[in-house]
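All remarks here apply to the structure that follows.
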Amino acid sequence: MLAGHTLIESKNDHQSRRNCEFRRAIAAAGRCRRVYGGALPLLASSVPMSVRMDTRHRQKQALAQTAATMIEPGEFIFLDSGSTNLALIDFLPKGYDLTLATNSIDIAGAALRGQDLKLIMLGGTVDLAVGGCVDATAIGSLAQMNIDRSFIGVCSVSPTFGLSAFDIADATFKRALVAASGYTIALATTDKLEVRAPHRVSEINEIDCLVLEHDAPISHLDDLVRAGASIVKALQPF
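Under numbering that gives the first Met the number 0, the first residue of the sequence shown carries the number 0, and numbering increases by one thereafter.
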């Protein structure tokens with residue numbers, strides 16, 4: 000039996016009927032989905048940006064500090080909406096003459112405070128769950144950009160299913176961001192590894208660099224490397 004899986008097998012007709020009733024009950028409760036006669040736990044949907052900003056704060060800062068060292072002077076960078084990318088604002092190198100674009104109102108607001116950079120805020124309707132603009136207006140603006148280095152927000156990272164997102168519009172926006180970027184970096188806390196969200200963003204090898212926690216499980220790292228990932232391990236949280 001695989002960890003985290005609930006297998007339901009019938010031994011006889013009576014037991015089969017009981018199992019069917021059990022499957023229907025737990026499915027109705029939203030605790031599983033049927034997969035070839037078995038049941039898999041449902042992956043929790045994304046929580047609002049305001050909540051995500053207060054979770055795993057130290058780990059996100061360590062990821063951000065490591066990722067910021069990859070930025071080169073004079074670059075046009077894009078920070079996708081996300082609480083880990085928001086942490087990057089505090090570590091952007093000073094005096095680099097950067098141009099920063101973002102679809103996140105939180106990131107734009109933080110960038111306005113004490114940052115010596117050019118700021119571009121993508122327009123459109125703000126999705127409160129995503130924490131930024133991911134509609135057709137935002138994608139249209141993104142298509143006109145030649146981005147040197149983007150930091151893409153991720154909901155889940157899997158060697159089999161690649162990067163994925165909970166919201167279909169957010170996934171569409173992220174795919175456009177990868178296409179518009181010369182170099183794409185994804186920062187992911189360990190809880191986002193080896194899981195998947197409903198909407199695919201990219202294959203693992205379409206992302207130039209994954210920045211992961213310093214103590215990310217070796218088994219996860221090995222699987223990602225075999226899938227074509229280039230991985231940088233973050234500093235230990237401070």
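For each residue, glycine too, the CB sits at the ideal point set by N, CA and C.
List the endpoints of the continuous alpha helix (DSSP H) containing residue i.
i	result
I106	104–110
D221	217–225
T65	56–67
Should residue i be labelled buried (16 or more other beta-carbon atoms within 10 Å of its own) or exposed?
i	result
L111	exposed
E71	exposed
S229	exposed
Q60	buried
T136	exposed
D166	buried
A100	buried
R57	exposed
Can you give the Cα-Cα distance for residue i and residue j, rounded to whole angstroms?
i	j	result
F237	G139	39 Å
E205	G94	31 Å
V224	L91	28 Å
V133	V210	23 Å
A66	A187	11 Å
A142	A175	7 Å
G108	I203	31 Å
S218	S155	16 Å
Could you check where the beta strand (DSSP E) with residue i kicks off and where it finishes?
i	result
A164	161–164
D214	Segment: none, D214 is in no beta strand (DSSP E) and carries neither H nor E.
Please identify the residue among the options whose C-alpha is closest to the C-alpha of residue i.
i	options	result
A164	A109, P197, T83	P197
D105	L97, A86, D115	A86
N102	F75, G131, V153, T159	G131
Per DSSP, what are the beta-bridge partners of residue i in this structure?
i	result
I119	A100
L192	V156
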